[in-house]
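Chemist: In the working numbering, the protein residues as written are 162 to 225.
Note that beta-carbon positions come from the ideal geometry of N, C-alpha and C, so glycine has one too.
1) My assumption, with CB atoms under 8 Å, is that residue 191 sits in contact with residue 209. Please give the rounded CB distance.
2) If you draw a straight line from the alpha carbon of residue 198 to that of residue 215, how long is it in whole angstroms?
3) Helix or strand or just coil, what does DSSP make of residue 208?
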């Protein structure tokens, strides 16, 4: 996993397992947004954080 990508994760901590999967899913979604021209360097930081939070919330709601 890219060190820059890990550093962008909220809280700057990486745990194996679930967090690693959340980060991978987030990365794939953001890459698609970049390919479609929906994310620019100026909006990358906030977009990544927002997508990560959304993916995390969805994964937690599925555990109820």
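Modeler: Quick answer:
1) 5 Å
2) 20 Å
3) helix
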